[in-house]
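K.L.:
This is the structure I want to talk about, given as structure tokens.
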Amino acid sequence: MKYQHLLTVILVLLIAQCPLHAKDYRKWEFVNPADLKITITPEKLELISGTIATFTITISNRTNHTVKIHYPTGQQWDLATYHGRTQIFRWSQGYEWADAPHTIPLKRGETRSEQLSWLTVDRNGEPLPHGIYRAQGMVMIAPRHLVSNDCKIRLLPPEIKPQQLIETRLNQFFDIELPRYSGKRELDWQIDYVYNDNRIAVHSVNRTADKTIFTMHPMRVGHVEFHLYAYHDIQDATRSLERRSFRVEVR
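With our numbering, letter number 186 in the sequence shown gets 186, and the count goes up by one each step, no holes.
Following this line, the structure appears as structure tokens:
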């Protein structure tokens with residue numbers, strides 16, 4: 001009984017101190033994350049793989065009073081990029097930051113921004129596979145960094161043709177002619193719809209001596225946007241040679 005009474009007293013004392021600990025922790029955090037808004041914006045939504053992608057990271061004061069943001073080191077910003085769920089780049093990797101605690105006041109409605117860049121190549125210096133990549137910006141305040149929204153960019157093949165407009169009528173078949181060869185190697189053209197909603201479909205694909213011909217069937221009135229990507233016949237599906245873009249208006 002004596003030990004049970006002692007245990008009860010200890011528990012009561014711990015519970016009584018919990019609000020104090022929570023209050024102390026809030027003081028230790030320096031800033032309420034809800035007072036700040038972190039955003040990231042890409043300079044370009046699409047760019048050729050192997051070139052430099054640039055992002056603007058912004059921190060904004062959402063309150064009606066000055067917020068003091070504290071940095072424990074000389075690093076104030078960071079950038080991470082992902083392919084699927086895998087992080088493939090961290091801007092700060094390889095850097096060392098000296099301890100340099102400092103505080104910056106952010107006035108009501110004030111913002112601070114920084115541009116960070118990412119060279120879109122792999123560890124061997126080769127252009128990354130084409131497709132969608134995701135980026136996050138970070139503000140490295142103490143005691144924990146704040147993370148921005150996600151933004152997405154698309155990495156493209158080295159040759160991009162301007163979008164071509166095609167006007168047609170319902171059930172009026174039309175052809176799209178594409179080169180069959182690149183040098184001596186045959187090309188495999190793959191279609192990627194940006195917006196279709198079952199308005200057109202590929203009726204047939206035919207080949208002549210030097211051309212690949214897509215015959216399209218307009219089935220519903222409206223507009224359609226799609227890309228055609230060129231691959232070598234045995235090439236990695238993530239590394240195309242060329243993209244041609246089309247917008248079709250079905251009357």
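Built from N, CA and C at the ideal position, the CB exists for glycine as well.
Mapping DSSP to helix, strand and coil, what is A201?
P.N.:
The residue labelled residue 201 in the question sits at position 201 within the sequence shown. If DSSP states are grouped into helix, strand and coil, A201 belongs with the strands.
K.L.:
Residues bridged to L116 by DSSP?
P.N.:
Position 116 of the sequence shown, counting from 1, holds the residue named residue 116. BP columns for L116 point to F55.
K.L.:
Just confirm the distance between the C-beta atoms of E257 and I57, as a whole number of angstroms; I'd bet it's less than 8 Å.
P.N.:
Summary: the structure shown does not reach residue 257, with the chain confined to residues 1 through 251, and so no result is reported for it.
K.L.:
Give me, in chain order, the residues of the same chain whose beta-carbon lies closer than 8 Å to that of V194; leave out the 5 immediate sequence neighbours on both sides.
P.N.:
Locating residue 194 in the sequence shown gives position 194, counting from the first residue. Only E225, F226 and H227 meet the Cβ criterion.
K.L.:
Going by C-alpha to C-alpha distance, which of L170, F173 and D233 sits closest to G183?
P.N.:
Taking the sequence shown and counting its residues from 1, the one referred to as residue 183 is at position 183. Residue D233 is the option with its Cα nearest to G183.
K.L.:
Give the range of the beta strand (DSSP E) segment to which I141 is assigned.
P.N.:
For this step, residue 141 is matched to residue 141 along the sequence shown. It is not in any beta strand (DSSP E) - I141 carries neither H nor E in the DSSP assignment.
K.L.:
Which full runs of the beta strand (DSSP E) of 3+ residues lie inside the segment 194-245, going along the chain?
P.N.:
DSSP runs (the beta strand (DSSP E)) wholly in the segment 194-245: 200-207, 211-218 and 222-232.
K.L.:
Do A142 and H83 have their C-beta atoms within less than 7 Å of each other?
P.N.:
As a working mapping, residue 142 is identified with position 142 in the sequence shown. As a working mapping, residue 83 is identified with position 83 in the sequence shown. No, the Cβ-Cβ distance between A142 and H83 is not below 7 Å.
K.L.:
Could you give the distance in angstroms between the alpha-carbon of R220 and the alpha-carbon of E96?
P.N.:
Taking the sequence shown and counting its residues from 1, one reaches residue 220 at position 220. Taking the sequence shown and counting its residues from 1, one reaches residue 96 at position 96. Rounded to whole angstroms, R220 to E96 spans 59 Å at the Cα level.
K.L.:
Write down the C-beta distance between Q190 and Y229 rounded to the nearest angstrom, noting that I regard them as a contact closer than 8 Å.
P.N.:
Indexing the sequence shown from 1 puts residue 190 at position 190. Indexing the sequence shown from 1 puts residue 229 at position 229. Right, their Cβ atoms sit about 5 Å apart.
K.L.:
Under a Cβ-count criterion, where at least 16 other Cβ atoms within 10 Å of its own Cβ denotes burial, should L119 be classed as buried or exposed?
P.N.:
Your numbering for residue 119 matches position 119 in the sequence shown. Per the 10 Å Cβ criterion, exposed.
K.L.:
Tell me which same chain residues have a C-beta within less than 7 Å of the C-beta of N149, skipping the five on either side of it?
P.N.:
Taking the sequence shown and counting its residues from 1, the one referred to as residue 149 is at position 149. The residues are T39 and I40.
K.L.:
Taking its Cβ as the centre, do 16 or more other Cβ atoms sit within 10 Å of I153, making it buried, or is it exposed?
P.N.:
Position 153 of the sequence shown holds residue 153. With 16 or more Cβ atoms within 10 Å of its Cβ, I153 is classed as buried.
K.L.:
Are D35 and T63 touching if we call contact CB-CB under 7 Å?
P.N.:
As a working mapping, residue 35 is identified with position 35 in the sequence shown. As a working mapping, residue 63 is identified with position 63 in the sequence shown. Yes, these two residues count as a Cβ contact at 7 Å.
K.L.:
Does the distance from the CB of L156 to the CB of I48 come in under 7 Å?
P.N.:
The residue given as residue 156 occupies position 156 in the sequence shown. The residue given as residue 48 occupies position 48 in the sequence shown. Yes, Cβ-Cβ distance for L156 and I48 is below 7 Å.
K.L.:
Is A34 helix, strand or coil when you go by DSSP?
P.N.:
The residue given as residue 34 occupies position 34 in the sequence shown. A34 falls in the helix class under three-state DSSP.
K.L.:
Would you mind stating whether P129 and T238 have Cβ atoms separated by less than 7 Å?
P.N.:
Within the sequence shown, numbered from 1, the residue matching residue 129 stands at position 129. Within the sequence shown, numbered from 1, the residue matching residue 238 stands at position 238. Against a cut-off of 7 Å, the Cβ pair of T238 and P129 comes out as a contact.
K.L.:
How about A53 and Q136: are their beta carbons less than 7 Å apart?
P.N.:
Position 53 of the sequence shown holds residue 53. Position 136 of the sequence shown holds residue 136. Going by C-beta atoms, A53 is not nearer than 7 Å to Q136.
K.L.:
Once the 5 residues before and after I104 are set aside, which same chain residues still bring their CB inside 6 Å of it?
P.N.:
For the purposes of this step, residue 104 is taken as the residue at position 104 of the sequence shown. Counting only Cβ-Cβ distances below 6 Å, and skipping sequence neighbours, we find I69.
K.L.:
Which word fits S204, buried or exposed, when buried means at least 16 other C-beta atoms lie within 10 angstroms of its C-beta?
P.N.:
Taking the sequence shown and counting its residues from 1, the one referred to as residue 204 is at position 204. Answer is exposed; the Cβ neighbour count stays below 16.
K.L.:
Taking the beta strand (DSSP E) that S49 belongs to, which residues open and close that run?
P.N.:
For the purposes of this step, residue 49 is identified with residue 49 of the sequence shown, where counting begins at 1. Neither: S49 is in no beta strand (DSSP E) and is coded neither H nor E.
K.L.:
Between the Cα of T66 and those of W91, S240, E242 and T111, spot the shortest distance and give me the residue it belongs to.
P.N.:
One-based indexing of the sequence shown puts residue 66 at position 66. Closest by alpha carbon: T111.
K.L.:
Within a Cβ cutoff of 8 Å, which residues of the same chain sit near L178, ignoring the five residues on either side of it in sequence?
P.N.:
As a working note, residue 178 is residue 178 in the sequence shown. Cβ within range, chain order: L187, W189, K211, T212, I213, F214, L228, A230 and R244.
K.L.:
With burial defined as no fewer than 16 other Cβ atoms inside 10 Å of the residue's Cβ, what is the status of E43: buried or exposed?
P.N.:
Against the sequence shown, residue 43 aligns to sequence position 43. When all chains shown are included, E43 counts as exposed.
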